[in-house]
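Number of protein chains: 2
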Amino acid sequence: MAIMKGRCVVAQSGGPTAVINASACGVIQTALARGEVFTGVYGAYNGILGVLEEDLFDLGQETPQAIEGLKRTPAAALGSCRYKLKDLSKDRVDYERILEVFKAHDIRYFFYIGGNDSMDTADKVSRLARELKYDLVAIGVPKTIDNDLAETDHCPGYGSVAKYVATAVMEAGRDTESLYTADTCNVIEVMGRNAGWIAAATGIARRTEEDAPHLIYLPEIPFSADRFVADVRECLKQLGRCVVAVGEGIRDAEGRFVSEMGGSFSQDSFGHKQLGGVAEALQRIVEKEVGVKCRTNKLGLCQRTAMHFASLTDRDEAYRCGQAAVEAALAGERCKMVTLVRQGSEPYNYCCGMGLADLATVANGEKVLPREYMNEAGNHITTAMRDYAVPLMRGEVKIEIGPDGLPLYVRLRRQMVERCTPLRSH
Amino acid sequence: MAIMKGRCVVAQSGGPTAVINASACGVIQTALARGEVFTGVYGAYNGILGVLEEDLFDLGQETPQAIEGLKRTPAAALGSCRYKLKDLSKDRVDYERILEVFKAHDIRYFFYIGGNDSMDTADKVSRLARELKYDLVAIGVPKTIDNDLAETDHCPGYGSVAKYVATAVMEAGRDTESLYTADTCNVIEVMGRNAGWIAAATGIARRTEEDAPHLIYLPEIPFSADRFVADVRECLKQLGRCVVAVGEGIRDAEGRFVSEMGGSFSQDSFGHKQLGGVAEALQRIVEKEVGVKCRTNKLGLCQRTAMHFASLTDRDEAYRCGQAAVEAALAGERCKMVTLVRQGSEPYNYCCGMGLADLATVANGEKVLPREYMNEAGNHITTAMRDYAVPLMRGEVKIEIGPDGLPLYVRLRRQMVERCTPLRSH
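Quick look at the structure:
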């Protein structure tokens with residue numbers, strides 16, 4: 534089978550991670566090395582928005598050093614977005630525009646690094662292309678700190694956030710242990726709207742009963758304020774202190790967000806639910822019902838881009854996923870997402886292969902934390918979770934440090950490609 | 534002059550830092566090596582509380598590995614407290630109790646690692662001892678992330694928190710840069726009730742105009758909501774995004790805490806002002822007055838114990854301060870605190886010597902950020918601040934990592950010494 538020649542475009546989507554640039558690097562380096570197939574390697578500025586607005590830049594104009602530097606640079610160096618395309622059956626305008634831009638630049642390969650919304654977009658663009666007889670290869674690269682993509686054992690980005698939040702909770706635990714006579718209880722809020730993978734990862738920090746976190750709450754298990762109060766009381770009885778890790782999206786048995794229960798809930802300016810505030814909700818419960826001082830901590834964005842303490846395993850897998858996407862395209866695959874396939878079941882016998890899954894299957898799936906990864910009481914992890922997560926957190930990424938003692942992260946030049954279609958109206 | 538023989542006790546006080554254990558290590562290793570003077574090296578469990586309650590442990594019973602491990606272990610391994618002694622002129626009970634315990638164990642040397650309250654305690658215990666003709670040497674070791682102690686160029690603990698918060702803000706800045714089309718503004722709240730040293734340190738992360746933080750607000754400069762709105766608008770105009778670093782204790786021109794202005798203020802269960810919430814106060818202003826989405830991040834405890842990315846310069850200086858305290862005692866000094874004396878004014882020609890200051894002078898002083906370390910608008914740092922802070926942030930502490938990918942921190946055995954006084958009633 535002759536390999537189709539043409540340009541490729543790579544785009545990043547959704548919330549940044551510490552290693553999404555490593556995936557981009559894997560795509561870019563592998564594609565640039567195959568100039569006989571890829572007549573150009575473009576980046577889309579700010580994800581699919583960059584395609585819609587024909588904001589494309591030529592990655593061939595970047596220095597090899599800058600591209601290599603992506604491996605140690607957090608967040609999305611190509612730019613990302615949260616733009617959600619309409620349903621293809623209802624509104625084809627966006628999809629047709631994407632194809633118009635692809636055609637105008639002879640883009641035949643679309644590498645999209647993102648979560649399930651992105652896989653859905655790639656799938657639909659791909660289907661429309663087939664319908665319109667435009668030969669296009671779309672391959673997805675998994676990315677999400679939430680670790681909630683179907684079909685893949687885990688997601689690049691997760692191992693790094695897991696390592697970082699577990700370490701932060703471990704350190705906050707030592708703080709609480711030092712000063713429990715004054716600051717007895719601490720709540721640390723981590724990300725996770727629907728899936729508790731990040732909150733559960735903090736559990737790895739507890740090597741002994743002394744260690745934080747002492748309690749973990751996550752969205753998959755309905756939250757009961759009464760049980761929480763009992764849990765905290767028991768912990769205080771045992772240790773004289775209590776460190777709680779909580780996923781932002783915990784809900785009560787009726788499905789209401791706990792962050793809303795305390796009256797602190799507010800919508801943001803766009804009408805989205807602001808889930809920050811769950812730590813304060815738990816703080817109010819502890820101070821009122823248990824009667825000890827409780828502090829709150831919210832790692833926020835800092836958790837998902839913490840390249841200064843990222844997982845080397847995660848970073849290397851992220852790179853390999855990007856590389857595998859290009860190799861899959863060269864092997865004639867289309868409409869697939871690269872998956873991570875765990876080999877070896879023991880935590881210290883871990884290795885990871887690459888697989889492929891249909892974009893459509895990934896787009897419609899979601900992987901929540903298996904119930905057996907949490908204990909019966911639903912307030913801490915089991916050995917199964919430890920065995921699952923530990924291999925993903927191992928190894929330290931070597932970053933570069935400047936003379937000011939801080940990390941040196943790269944920026945791309947983003948040499949824009951001249952537009953050749955009429956600008957899209959908004 | 535013959536050197537007085539006797540036991541020594543070392544205690545840690547106040548909020549933990551990444552390197553307060555390095556100072557303890559400096560005291561312990563130096564004292565253990567001089568067995569001909571120090572007939573025993575004790576630790577007080579939970580700071581001065583441990584002396585009051587005669588909860589002392591024998592540091593000679595610890596393994597050399599555990600003591601050496603203190604150099605890479607955050608928080609207060611001896612235990613800390615926030616217990617504030619009464620004024621000596623009004624109530625001598627606590628001070629007399631301290632001396633009773635010291636006498637009972639023939640403790641002749643008191644090494645107290647802490648901030649100005651601790652220096653005040655050490656000074657008063659020392660004065661009472663003189664009055665009661667009990668020969669006691671009290672030497673203080675500076676410690677505070679707040680960097681607000683008088684007489685010393687800077688404080689052990691500050692360089693590490695500075696390095697960490699600057700890095701976290703840098704990384705959050707890359708996140709915002711990636712996703713400004715969705716999350717346009719980010720506020721990162723850092724510690725600092727009265728002094729803006731920590732908030733100012735984040736400014737080091739801005740190497741170019743692109744870099745975060747774009748705006749910094751701190752307690753020393755009265756906060757104006759109107760100017761803040763104008764600052765954010767200007768930043769959005771220039772860059773399309775805005776990352777704000779803010780010290781928790783910012784106040785308006787009337788001295789009211791900004792965290793109280795939005796109605797979110799609440800006292801904690803002990804009647805203390807809870808300053809957390811300033812990020813949310815700024816978020817409300819941005820969303821209401823500027824009309825863009827704003828996220829909040831609160832590093833909380835995680836910032837002050839972030840040994841996983843501590844400053845080697847800070848750690849080494851912390852150790853040397855502990856060492857110098859014992860050496861000062863051996864040289865016949867008493868009632869002094871070790872100080873750090875900067876030598877060489879240029880940032881790349883930095884070295885640091887040790888000095889001594891009177892405990893009483895330190896106890897009554899406070900060092901706020903010099904106005905010239907901030908720009909005229911009061912919303913970012915100047916070169917003077919950069920030159921001051923950068924040398925303190927350099928170098929990475931080599932930590933040990935376990936097979937689970939997380940740091941290995943030590944715990945002391947704390948082999949308790951038998952009590953020999955009647956237990957103090959509370």
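In the order they appear, the protein sequences are chains C and R.
Under this note's numbering, the first residue of the first sequence carries the number 534, and numbering increases by one thereafter.
Under this note's numbering, the first residue of the second sequence carries the number 534, and numbering increases by one thereafter.
Just so it is clear, CB atoms sit at the ideal spot from N, CA and C, and this is done for glycine as well.
Being a predicted model, the structure only gives us computed values, none of them experimental.
Would you say Arg615/C and Thr709/R are within 9 Å of each other, going by their C-beta atoms?
For Arg615/C and Thr709/R, no; Cβs fall outside 9 Å.
Please identify, using Cβ separations under 8 Å, the residues of the segment 936-959 of chain R that lie next to chain C, in order along the chain.
Those residues of the segment 936-959 of chain R that come within reach of chain C (Cβ to Cβ, closer than 8 Å) are Pro936, Asp937, Gly938, Leu939, Pro940, Tyr942 and Arg944.
Could you pull out every residue in the same chain whose Cβ sits closer than 6 Å to the Cβ of Ile818/C, ignoring the five residues on either side in sequence?
When the five nearest sequence neighbours on each side are left out, the beta carbons in the same chain lying within less than 6 Å of the beta carbon of Ile818/C are those of Ala758, in order along the chain.
Residue interval of the alpha helix (DSSP H) (run including Ala599/C):
Residues Pro597 to Gly602.
Asp891/R (DSSP reduced to helix, strand or coil)
Of the three classes helix, strand and coil, the one that applies to Asp891/R here is strand, per DSSP.
Is it buried or exposed, Gly648/C, if we count other Cβ atoms within 10 angstroms and call 16 or more buried?
Buried.
For Thr596/R and Val943/R, the rounded distance between their alpha carbons
A direct Cα-to-Cα measurement between Val943/R and Thr596/R gives close to 11 Å.
Does any residue of chain R bring its CB to less than 9 Å from the CB of Ala839/C?
Yes, Ala839/C counts as interfacial toward chain R.
Buried or exposed for Asn554/R, going by 16 or more other Cβ atoms inside 10 Å?
So Asn554/R counts as buried.
When we look at the beta-carbon of Gln876/R and count the other beta-carbons within 10 Å, is it buried (16 or more) or exposed?
Its Cβ having fewer than 16 others within 10 Å, Gln876/R is exposed.
For a contact defined as C-beta to C-beta under 9 Å, what are the partners of Asn719/C on chain R?
What Asn719/C touches in chain R, judged by beta-carbon distance under 9 Å, is Gly833 and Leu834, going in chain order.
Contact with chain R by Asn579/C, beta-carbon distance below 9 Å
Asn579/C counts as touching chain R.
Under the three-state DSSP convention, the category Gly559/C falls into
Shown here, Gly559/C sits in a helix according to DSSP, grouped into three states.
Please state the DSSP three-state secondary structure of Phe756/C.
Coil at Phe756/C, not helix or strand.
Between the segment 690-716 of chain C and chain R, which residues of the former have a C-beta closer than 7 Å to a C-beta of the latter?
Under the 7 Å Cβ criterion, the segment 690-716 of chain C contributes Lys696, Ala699, Thr700, Ala701, Met703, Glu704, Ala705, Arg707, Asp708, Glu710, Ser711, Leu712, Thr714 and Ala715.
Per DSSP, what are the beta-bridge partners of Ser844/C in this structure?
Residue pairing from DSSP places Ser844/C in a beta bridge opposite Glu929/C.
For a contact meaning CB atoms closer than 8 Å, what does Cys614/R contact in chain C?
Per Cβ cutoff of 8 Å: Leu712, Thr714 and Ala715.
For Ile934/R, go through chain C and note every residue whose CB falls closer than 8 Å to its CB, in chain order.
Result: Glu929.
Please compile the residues from chain R whose C-beta is within a distance smaller than 7 Å of the C-beta of Ala738/C.
Per Cβ cutoff of 7 Å: Leu939.
Which one of Leu772/R, Met724/R and Leu665/R has the shortest CA to CA distance from Ile631/R?
Each of Leu772/R, Met724/R and Leu665/R was checked against the Cα of Ile631/R, and the nearest Cα belongs to Leu665/R.
Can you give me the C-alpha to C-alpha distance between Gly782/R and Ala917/R, rounded to a whole angstrom?
One C-alpha to the other measures close to 23 Å.
Same chain only: Cβ atoms within 8 Å of Gly796/C, ignoring 5 sequence neighbours per side:
Note that Gly796/C has pLDDT 40, beneath the 50 cutoff, so the model's placement of it is unreliable and the number below is only indicative. Cβ neighbours of Gly796/C beyond the five flanking positions: none.
Helix, strand or coil for Cys854/C? Go by DSSP, reduced to three states.
Reduced to three states, the DSSP call for Cys854/C is helix.
Quick check: is the beta carbon of Glu743/R nearer than 9 Å to any beta carbon in chain C?
For Glu743/R, the answer is yes, since a Cβ of chain C falls inside 9 Å of its Cβ.
Using the beta-carbon of each residue, which ones in chain R are nearer than 7 Å to Val923/C?
For the C-beta of Val923/C, the chain R residues within less than 7 Å are, from N- to C-terminus, Asp937 and Gly938.
State buried or exposed for Tyr691/C, treating a residue as buried only when at least 16 other CB atoms are found within 10 Å of its CB.
Burial call: buried.
So Tyr645/C and Cys541/C are in contact, right, with Cβ under 8 Å, and what is the actual spacing, rounded?
Not really, about 11 Å apart at Cβ, beyond 8 Å.
Which residue or residues does DSSP assign as beta-bridge partners of Arg605/R?
Arg605/R pairs with nothing; no bridge assigned.
Have a look at Tyr906/R, Tyr883/R and Ala705/R and flag the residue whose alpha-carbon is nearest the alpha-carbon of Leu873/R.
For Leu873/R, the closest alpha carbon among the candidates Tyr906/R, Tyr883/R and Ala705/R is that of Tyr883/R.
On the criterion of 16 or more Cβ atoms from any shown chain inside 10 Å, does Met537/R qualify as buried, or is it exposed?
It is exposed - the Cβ of Met537/R has fewer than 16 other Cβ atoms within 10 Å.
Is there a Cβ of chain C sitting closer than 9 Å to that of Leu582/R, yes or no?
Closer than 9 Å to some Cβ of chain C, the Cβ of Leu582/R qualifies, so yes.
Interface residues of chain C around Arg906/R at Cβ under 9 Å?
The residue asked about is misnamed: residue 906/R is Tyr in this sequence, not Arg. Chain order gives no chain C residues near Tyr906/R, where near means a beta carbon separation below 9 Å; the closest approach is about 16 Å.
On a CA-only basis, which of Leu585/C, Ser613/C, Ser556/C and Phe571/C is nearest Gly548/C? Give me that one, please.
Comparing Cα positions, the closest option is Ser613/C.
Quick check on the burial criterion: 16 or more other C-beta atoms within 10 angstroms. Buried or exposed for Gln836/R?
A residue is called buried when at least 16 other Cβ atoms come within 10 angstroms of its Cβ; Gln836/R meets this threshold and is buried.
Contact with chain C by Gln876/R, beta-carbon distance below 9 Å
Output row for Gln876/R: interface = no.
Contact set for Arg739/R: own chain, Cβ-Cβ below 7 Å, skip 5 residues either direction:
Cβ within range, chain order: Ala745 and Pro746.
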